[in-house]
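Q: Under the UniProt record's numbering, the first residue of the sequence shown carries the number 1, and numbering increases by one thereafter.
Backbone N, C-alpha and C fix where the C-beta goes; we use that ideal spot for every residue, glycine too.
In this text, all values refer to a predicted model and were calculated from it rather than measured experimentally.
Okay, handing you the structure first.
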Amino acid sequence: METTPFVSIICTVFNKEPWLKKTIDSFLAQQTEFAIEIILVDDASSDGSRSIIQDYQENYPNLIRAFYQDENQGIAKTWVAICKEARGYYIARCDGDDFWIDPLKLQKQVNLLASKPDCKWSNTDFDIYDDHGNFVSKAGFANQTIPLADTYEKMLATRGFTMASTWLVDRDLMLEVNQELDLTTSDDTFNLQLELFQRTSLAYLNEATVAYTINQGSDSRPTDFKKLERRFHKLLKTQLEYLDKYPNSDFKEMTKILLDRNNTYEIRLSKPMDSLSHIGMESVTIYLGDEENTYSEDRTLTKLLQKEDCLTIEIPKGTSVIRVDLSENPSYYSDVELRDSNGKVCSPVYSNGIVTDNLFLFCEPDPQLIYEVEEEGVYQLSYKMISIDNPSAPDYIGKVFAAEMLDCQNSLKNIEAELQATKEAYNTVIHSRRWTIPTKILKFLRIRK
């Protein structure tokens, strides 16, 4: 006899091959007192996502239901359609590149909602990972890495965040708000959150149960400025529409939120920038240039900026130069080193920063290093950032070089002290009786000859 699921896990997928297995495995690891179903929908992926879904569905036919679209429909249309297939009392959402890190996630959220009759929607805290599966930072909400928008006013005023991959929502409520969704929206979760807040309170579980993958170049984090600009304009359009859609909202509260936010931004803009403030939020980008020294997007590697890292770069045949953009903003390094497949250190042929033997100082945005490569193979790029209190101070560079000069002076003093000790030891030896007597005998013998 088939058991009716209490929770339907829905995962929409478009070109998520590198992360998808880990995502599905995290669903399978859930420990619950109730039945669940896993619904996977592939939105016409061009990578191996569909094949992965097929394999899991064949291995777990009673647990996983798979749906495939021949043409890409986009996240909004896909979400609205697939929610109608859910059979559970609740719907749990997770994107195909995020994954759950707490096997009791669903059980905890079901228990939380049971204790709060006025809530039909729950979310949790989350940890942040890069798109290679490496841990970046913990408790995004608790540590204010990304502020939690827990009211309609906060959501509308700040384009806030509740972390959709943590959601557990009453199915009937989800189907109701889906009817209000603009299927052309640039961010389906923004509209959904606004509609949910109009109908229910949010029950927040202050525990990190999900790994949020910061995927550079995704729809929510476009790297092209024009795409980013279009996204922001669409979000603004949505905000203005919702001002009219729900005119009884607390506009005084939204004004307070915006005033406080503006004040915070002005303080941040006035505050000296820490050179390590970009860690985990920007990326190292490596461009592979062909024999004509031209670069293209399909020959580009990216990885989240860390305080210290070593990257493996596979240099294909036909590559003559590589350009390394260490971040998007001014940044400072005690070491940057590129080694070829033989372990030989490559020296940059160009830099838009100040480079010494052991310092790489980039005072302007978009720091760049260009290297000529003579052969294909596996290269290693390592770097280590400098922790700086106030790199924006006008005398910062002078202080850095003064500190380096002081280190050199201290090293020189140590060498001079060692040299003096060696001289003293030498003089002690040559003036000793064991040295002078044999020396006089040798001189006498030379004279006799």
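(1) Considering Cα atoms alone, identify which of N59, T4 and K22 is closest to E37.
(2) Quick check: residue 471 and F360, are their CB atoms within less than 8 Å of each other?
(3) How far does the beta strand (DSSP E) with M155 in it reach, from first residue to last?
(4) Inspect the beta-carbon positions of C310 and L175 and report whether they are closer than 8 Å.
(5) Please classify Q193: does DSSP put it in a helix, a strand, or coil?
(6) What is the C-beta distance between I146 and E85, in whole angstroms, given that I count them as a contact (C-beta under 8 Å)?
(7) Which residues share a DSSP beta bridge with N123?
(8) For residue 450, which residues of its own chain have a beta-carbon under 7 Å away from its beta-carbon, when the five flanking residues on both sides are left out?
(9) Would you mind working out which of E71, D182 and D131 sits nearest K16, comparing C-alpha positions?
(10) Taking C-alpha atoms, which residue in R171, L301 and D98 lies nearest to G289?
(11) Tell me which same chain residues have a C-beta within less than 7 Å of the C-beta of E253, skipping the five on either side of it?
(12) Let me make sure I understand the geometry here. Which of Y204, I315 and I415 has the alpha-carbon closest to that of S341?
(13) Give a yes or no on whether the C-beta atoms belonging to D42 and V13 are separated by under 8 Å.
(14) I need the DSSP call for V110, collapsed to helix, strand or coil.
(15) Considering Y56, what are the terminal residues of the beta strand (DSSP E) in which it resides?
(16) Going by DSSP, what residues sit across from residue 451 in a beta bridge?
(17) Among I386, M155, Y60 and V378, which has the Cα closest to the Cα of Q239?
(18) Exposed or buried, what is P367 when buried is set at 16 or more other beta-carbons lying within 10 Å of its beta-carbon?
(19) Find the nearest neighbour of L369 within the set L259, I91 and V355, judged by alpha-carbon distance.
(20) Just verifying my parser: in three-state terms, what is the DSSP assignment at K237?
(21) Which residues in the same chain have their Cβ closer than 8 Å to the Cβ of V345, if we skip the five residues on either side of it in sequence?
(22) Please state the DSSP three-state secondary structure of T145.
(23) Please name the residue in A139, F135 and C119 whose C-alpha comes closest to that of F126.
(24) Looking only at C-alpha atoms, which of L181, T319, L202 and S327 sits nearest to G74?
(25) May I ask you to report which of helix, strand or coil DSSP gives C346?
(26) Going by alpha carbons, who is nearest to R171 out of N191, D250, S122 and T151?
(27) Could you tell me the distance, in whole angstroms, from the CA atom of L63 to the CA atom of L28?
(28) Only counting the same chain, and skipping five residues up and downstream in sequence, which positions put a Cβ closer than 7 Å to that of F190?
(29) Exposed or buried, what is Y350 when buried is set at 16 or more other beta-carbons lying within 10 Å of its beta-carbon?
(30) Assuming V373 and T319 make a contact with CB atoms under 8 Å, what is their CB distance in whole Å?
(31) Note down, one range per segment and in chain order, each beta strand (DSSP E) of at least 3 residues found wholly within the segment 318-345.
(32) With a CB to CB cut of under 6 Å and the five nearest residues on each side skipped, what residues in its chain are close to A164?
(33) Return the chain-ordered list of same chain residues with a C-beta closer than 7 Å to the C-beta of K21, the five sequence neighbours on each side being excluded.
(34) Measuring alpha carbon to alpha carbon, tell me which of F34, A66 and A35 ends up nearest C11.
A: Straight from the coordinates:
(1) Locating residue 37 in the sequence shown gives position 37, where the first residue counts as 1. When only C-alpha atoms are compared, the closest one is T4.
(2) Since the displayed the chain opens at 1 and closes at 449, residue 471 lies outside it and no answer follows.
(3) As a working note, residue 155 is residue 155 in the sequence shown. Premise fails: M155 lies in the alpha helix (DSSP H), Y152 to T158, not in any beta strand (DSSP E).
(4) Position 310 of the sequence shown, counted from the first residue, corresponds to residue 310. Position 175 of the sequence shown, counted from the first residue, corresponds to residue 175. No, they are not a contact pair.
(5) Here the question's residue 193 lines up with position 193 in the sequence shown. Three-state result, Q193: helix.
(6) Counting from one through the sequence shown, the residue named residue 146 turns up at place 146. Counting from one through the sequence shown, the residue named residue 85 turns up at place 85. Contact doesn't hold; Cβ gap of about 31 Å is too wide.
(7) Taking the first residue of the sequence shown as 1, we reach residue 123 at position 123. DSSP output for N123 lists Y204 as bridge partner(s).
(8) Any answer about residue 450 is impossible in this case: the structure gives the chain only from 1 up to 449.
(9) One-based indexing of the sequence shown puts residue 16 at position 16. That would be D131, whose Cα lies nearest to the Cα of K16.
(10) Position 289 of the sequence shown, counted from the start, is the residue given in the question as residue 289. Closest option to G289, Cα to Cα, is L301.
(11) Within the sequence shown, residue 253 is the residue found at index 253, counting from 1. Answer for E253: E153, listed in chain order.
(12) The residue given as residue 341 occupies position 341 in the sequence shown. For the residues Y204, I315 and I415, the minimum Cα distance to S341 belongs to I315.
(13) Translated into positions along the sequence shown, residue 42 becomes position 42. Translated into positions along the sequence shown, residue 13 becomes position 13. Contact: yes.
(14) Walking along the sequence shown from the start, residue 110 turns up at place 110. V110: helix per DSSP, three-state reduction.
(15) To locate residue 56, count along the sequence shown from 1; it is residue 56. That residue, Y56, is in no beta strand (DSSP E); its alpha helix (DSSP H) goes S49 to N59.
(16) A query on residue 451 cannot be resolved here, the shown segment of the chain reaching from 1 to 449 and no further.
(17) Taking the first residue of the sequence shown as 1, we reach residue 239 at position 239. The residue with the shortest Cα to Cα distance from Q239 is M155.
(18) Reading the sequence shown from its first residue, position 367 is the one you call residue 367. With 16 or more other Cβ atoms within 10 Å, it is buried.
(19) To locate residue 369, count along the sequence shown from 1; it is residue 369. When each option's Cα is compared against that of L369, the closest is V355.
(20) The residue you call residue 237 lines up with position 237 of the sequence shown. DSSP places K237 in helix when its eight states are reduced to three.
(21) Counting from 1 along the sequence shown, the entry for residue 345 is found at position 345. Once the five neighbours on either side are set aside, the close Cβ partners of V345 are E337, L338 and R339.
(22) If you number the sequence shown from 1, residue 145 lands on position 145. Reduced to three states, the DSSP call for T145 is coil.
(23) Within the sequence shown, residue 126 is the residue found at index 126, counting from 1. Selected option, being the one with the closest Cα: A139.
(24) Numbered from its first residue, the sequence shown carries residue 74 at position 74. Among L181, T319, L202 and S327, the Cα nearest to that of G74 belongs to L181.
(25) Taking the first residue of the sequence shown as 1, we reach residue 346 at position 346. Strand at C346.
(26) Residue numbering aside, residue 171 sits at position 171 when the sequence shown is read from its first letter. Checked all of N191, D250, S122 and T151; the closest Cα to R171 is S122.
(27) By one-based count along the sequence shown, residue 63 stands at place 63. By one-based count along the sequence shown, residue 28 stands at place 28. Straight-line Cα distance between these residues: approximately 9 Å.
(28) Looking up residue 190 in the sequence shown gives position 190. The answer, listed in chain order, is R159, L235 and T238.
(29) Indexing the sequence shown from 1 puts residue 350 at position 350. Exposed is the call here.
(30) Reading the sequence shown from its first residue, position 373 is the one you call residue 373. Reading the sequence shown from its first residue, position 319 is the one you call residue 319. With 8 Å as the limit, V373 and T319 qualify as a contact, their Cβ atoms being about 6 Å apart.
(31) 321-325 and 331-339
(32) The residue given as residue 164 occupies position 164 in the sequence shown. Here the set comprises R93 and T189.
(33) The sequence position of residue 21 within the sequence shown is 21, counting from 1. Only I52 meet the Cβ criterion.
(34) Within the sequence shown, numbered from 1, the residue matching residue 11 stands at position 11. Of F34, A66 and A35, the residue nearest in Cα terms is A66.
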